[in-house]
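So the protein sequences, as listed, match chains A and B. Count the first sequence with this note's numbering and you get residues 1 to 232, in order. Count the second sequence with this note's numbering and you get residues 233 to 504, in order. No residue lacks a Cβ here, since even glycine has one placed at the ideal position from N, Cα and C. As structure tokens, the structure follows; a few thoughts come after it.
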Amino acid sequence: MKGLSLSIPRGKITVIIGFSGAGKSVLLKHILGLIKPDSGSITVLGHDIAQLGEKALNDLRTRFGMLFQSAALFDDLTAIENVMFPIQEFRRSWPKGKIEQTAGERLKVVGLGAEHFDKYPSELSGGMRKRVGLARALALEPEIILYDEPTTGLDPIITEMVDDLIVETHKRRAGMTTVIISHDLDAAFKMGDYVAMLDAGAIRLFGPPQDFFKSDDPFIKRFVAKVREQGK
Amino acid sequence: MEKSVPSFGGRQLLSAIEGVGSWWLEMILALGRVTNFLVTSIFWLFQPPYRFMEILKQIEFVGNKSVFIICLCSLFTGLVFALQTYSAFSFVNAETMIGPTVALTLSRELGPVLTGLIVTGRAGAAMAAQLGSMRVTEQIDALEVMGVNPKQFLVMPRIMAGVISMPLLSAIFIFIGNLGAYFLSTKGFNIDSATYLNKINDFTNPRDIAQGMIKAGFFGLIFSLIGTYKGYHTTNGARGVGSATNETVVMSSILILVSDYFLSTILKRLLY
């Protein structure tokens with residue numbers, strides 16, 4: 001990334017789009033503090049990520065939730081244990097019953113039936129795994145939730161279901177900031193309050209979806225034409 | 233001024249020197265990376281939240297679940313050792329020396345080395361495979377993003393389990409191996425039981441056991457460190473997991489055998 005400047009609005013859905021290799025995942029890793037920038041700064045919730053020590057960074061990360069592309073569920077834990085894991089780690093004073101109840105509630109919120117709670121990730125379908133991943137990301141009621149290509153590899157029906165789930169989750173948690181990394185242009189314009197277009201490691205355009213349709217930039221025009229083509 | 237160009241032979245010599253130099257440099261860098269990995273992992277042992285339950289879980293996996301295979305292997309090692317030494321010692325009427333020979337060799341060398349090789353194949357390979365698959369399926373990234381230190385949660389407990397379990401497993405190996413040799417010698421070769429035990433008492437020393445225990449702990453560190461390091465740094469999906477597992481077994485086995493000689497030399501000076 002070079003010369004990237006982006007301010008993500010609090011409490012809104014921002015979708016970061018771009019072609020493969022544009023730097024979307026690298027940007028996400030910078031936001032999470034998994035990669036430190038060579039120069040410049042990244043301020044998240046008032047903290048300069050690059051300046052934080054390991055402990056302070058870990059504390060800050062408890063205010064994030066993240067849904068990975070592959071859901072990244074712990075395969076030796078059941079669905080409910082996966083959701084209980086972050087609660088057990090960071091709410092150590094809570095009794096086990098309360099932890100289990102909270103995890104169950106989170107799973108129900110994302111639409112997973114109680115009959116699936118004790119299943120291992122290998123016994124769940126792709127859509128169900130995403131739901132469990134989302135419930136785990138929401139376990140500690142984060143202020144920021146990040147989605148890394150949430151619908152990659154899913155069929156169109158499950159894709160729509162996951163997209164709806166993301167929007168519903170955002171609406172339900174007032175004040176939560178949602179950041180989605182996606183290459184699904186159609187969904188990006190439908191879901192996003194703001195869209196950031198990443199090209200060659202820099203932001204090409206940032207604004208509400210309608211700004212993209214008004215843009216004279218040939219690169220953006222080509223992009224928008226693709227979206228319209230998909231919409232037909 | 234014109235620069236002198238080395239001849240064909242000179243160029244070959246230069247590139248050979250360069251090759252050796254870069255190999256050494258790579259070795260030193262790799263050693264530095266592994267040492268850094270070990271130090272940062274052990275650092276997290278002393279930081280809250282303390283992971284005693286994780287360490288116990290890993291001890292159960294490395295130690296408890298290896299007991300059966302260790303008993304089986306040690307029993308037959310003791311039996312075959314007694315059988316072969318009897319064949320040799322009976323030529324010189326020194327059958328009563330089977331006991332101390334087996335006891336000394338098992339406690340100083342065979343116990344820790346064979347336990348190390350067996351547990352490397354069982355637990356070291358499993359460590360590399362587990363962490364490797366967690367890495368390629370983003371489970372380690374998920375831990376990190378949640379604010380849970382993966383070295384503290386995954387690596388440190390496994391290294392501790394390797395170091396703690398190995399001396400215990402090695403002690404079991406030595407005991408069962410000696411038991412097998414004792415029964416074959418006294419029941420199969422009709423050596424007097426009291427003589428057999430007295431000879432062991434005469435020729436062996438608690439320092440022999442101590443040597444074996446120290447070696448076992450060190451071998452535990454070798455396979456658990458290599459297994460976790462290789463697993464933690466796995467890339468290239470399923471193929472990478474396979475390579476990490478394979479490299480763990482090969483490297484750990486070689487290092488256990490090589491370091492055994494140097495450890496024997498050092499411990500001989502320190503303990504005797």
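| Query | Result |
| --- | --- |
| At least three beta-carbon pairs within less than 8 Å, the region 400-415 of chain B to the region 306-324 of chain B | yes |
| Identity of the residues DSSP links to A:V179 by a beta bridge | A:T14 and A:L146 |
| A:M66 at chain B interface by Cβ criterion, 8 Å | yes |
| Burial state of B:E376 (16 or more Cβ within 10 Å) | buried |
| Exposure label - A:A22; buried when at least 16 CB within 10 Å | buried |
| Buried/exposed call for A:T43, threshold 16 Cβ in 10 Å | exposed |
| Chain-ordered chain B contacts of A:R61 [CB-CB under 7 Å] | V377, M378 and G379 |
| A:F213 classed as buried or exposed, judged by whether at least 16 other C-beta atoms fall within 10 angstroms | exposed |
| Check whether B:Y428 and B:G331 have beta carbons under 8 Å apart | yes |
| N- and C-terminal bounds of the beta strand (DSSP E) containing B:Y414 | Element bounds for B:Y414: not the beta strand (DSSP E) but the alpha helix (DSSP H), M388 to F415. |
| Same chain only: Cβ atoms within 7 Å of B:P399, ignoring 5 sequence neighbours per side | M445, A448 and G449 |
| Minimum length 3: unbroken beta strand (DSSP E) runs contained in the region 45-76 of chain A | 64-67 |
| When B:L270, B:Q384 and B:M359 are compared against B:P280, the one with the closest alpha-carbon | B:Q384 |
| Alpha-carbon spacing of A:F68 relative to B:A248, whole angstroms | 47 Å |
| Cβ neighbours of A:P150 in the same chain (closer than 6 Å, five flanking residues each side left out) | L67 and V162 |
| Length-filtered (4 minimum) alpha helix (DSSP H) runs lying within the region 428-474 of chain B | 438-464 |
| Per DSSP, the bridge partner or partners of A:L205 | A:M197 |
| Residue(s) in a DSSP beta bridge with A:T43 | A:D48 |
| Contacting positions in the region 13-34 of chain A - beta carbon closer than 8 Å to chain B | L32 and L34 |
| Nearest candidate by alpha-carbon position, reference B:M285, set B:L349, B:S402, B:R390 and B:E258 | B:R390 |
| 8 Å Cβ cutoff met for B:S485 and B:L349 | yes |
| Distance, A:R131 Cα to A:E168 Cα | 13 Å |
| Neighbouring residues, chain A, relative to B:D373 (Cβ below 8 Å) | L34, F68 and A72 |
| Status (buried if at least 16 other CB within 10 Å, exposed otherwise) for B:N478 | exposed |
| For B:Q279, three-class secondary structure by DSSP | coil |
| B:F494 versus B:M483 - alpha carbon distance | 17 Å |
| Closest by C-alpha distance to A:K12, when choosing among A:G53, A:P208 and A:L134 | A:P208 |
| Buried or exposed (CB count within 10 angstroms, at least 16 for buried), B:E258 | exposed |
| A:G192 to A:A103 span [Cα, whole Å] | 28 Å |
| From B:E341, B:A442 and B:G253, residue whose alpha carbon lies closest to that of B:L503 | B:A442 |
| Option nearest A:M176 by Cα separation, candidates A:L45, A:D216, A:K190 and A:I87 | A:L45 |
| Boundaries (first-last residue) of the alpha helix (DSSP H) holding A:H234 | Given that chain A is displayed from residue 1 to residue 232, the structure contains no residue 234 of chain A and the question cannot be resolved. |
| Inter-stretch contact (C-beta, 8 Å, three-pair minimum) for the region 22-42 of chain A and the region 50-58 of chain A | yes |
| A:R131 beta carbon near the ligand PLP (any heavy atom closer than 7 Å) | The ligand PLP is not part of the structure shown, which contains no ligands of any sort. |
| Helix, strand or coil at A:K214 [DSSP, three-state] | helix |
| Residue span of the alpha helix (DSSP H) that contains B:P344, given as start and end | G343 to V351 |
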